[in-house]
Amino acid sequence: KTVSDAIAEFIVMDLQLPEIVEGRGFQRLVATLRSPCEIPSKNKLEEEIIPRIYTTFRESVAASISCITSELALTVEEWKSNNNENFVTISIYYQNIEEATLECKVLSTLHAPADWEESHWSSTIHSLLLEWDLKVEKITAVVVSTTRAELLMALNNCGLILVPCLLHTLQVCAQACFENPEVAHILSKCRSVIGAIISHPEASKELIEQEQ
């Protein structure tokens, strides 16, 4: 494995930006660990090395999926980035018969604007299934972690069986509960009491003793 490949792998696994290779601290670290060596430029990482890693890994995932003989399931998870943009990650789950283990592969992460209609989602889902050569009849169910009506409708119209994600459902219920004015008022009082105890060492010490 070359230094360039190792750096690219570090960027991918730790979700770093390619710009990190331009930092003086990073360059000194690499020079200390292995000198002399060539650090790939940001452009080379973005235009050559990372795309090559993606292509190789994608081919590996496609080969694994093509060998699936059992039924499979999909998951559709909606989430927000730090800048409050919507994304949807679609993954595949299947049984590895040789090792008797459950395998999971991420198929795609899509930028999902809030104004996407059912037709957008239908087209996207159809393209995804076609891209990975997945047959609807082989998909046992789709576990969904979203409340977006347009996306759910598109999945239904594809003939897929939808199963709500338990954790996501509990989170939605909990959020609705916390947003209730009466509950929010009680929580505010609880936080005030806890804050008062923490700010007074003697009260905090006494509480710890009572817990023991």
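When you line the sequence shown up against the numbering used here, it's residues 371 to 582, in that order.
Glycine is no exception: its CB is placed at the ideal position from the N, C-alpha and C atoms.
Note that the structure is predicted; figures quoted are calculated from it, not measured.
- By alpha-carbon distance to T517, the top candidate from W449, R394, I564, S569 is W449.
- Taking all protein chains in view, the Cβ of A378 is crowded by 16 or more other Cβ atoms within 10 Å, so the residue is classified as buried.
- Between the alpha carbons of I564 and A484 lies a gap of roughly 38 Å.
- In this structure, DSSP gives Q386 a state outside helix and strand, which the three-state scheme calls coil.
- Inter-residue distance for N454 and S440 is about 38 Å (C-alpha atoms, whole angstroms).
- Exclusion of the five residues before and after L577 leaves I567 as the residues of its chain whose Cβ lies within less than 8 Å of its Cβ.
- Here V512 is near L525, since their CB atoms are less than 8 Å apart.
- The Cβ atoms of S461 and C474 lie closer than 8 Å to each other.
- If you draw a straight line from the Cα of H496 to the Cα of S430, it comes to about 22 Å.
- Separation of the CB atoms of T539 and A443 is rounded to 17 Å, and the pair is thereby denied contact status at 8 Å.
- When the alpha-carbon of E507 is set against those of E487, G529, W486, the nearest one is in G529.
- Under the three-state reduction of DSSP output, S451 falls in the coil class, being neither helix nor strand.
- Look at the segment 494-529 and you find these whole runs of beta strand (DSSP E), each 3 residues long or longer: 509-515.
- For H481, the enclosing beta strand (DSSP E) starts and ends at 471-481.
- In the three-state DSSP reduction, P421 falls in the helix class (H, G or I).
- Among the bridge pairs identified by DSSP, V542 is matched with none.
- Rounded to whole angstroms, L477 and T459 show a C-alpha spacing of 8 Å.
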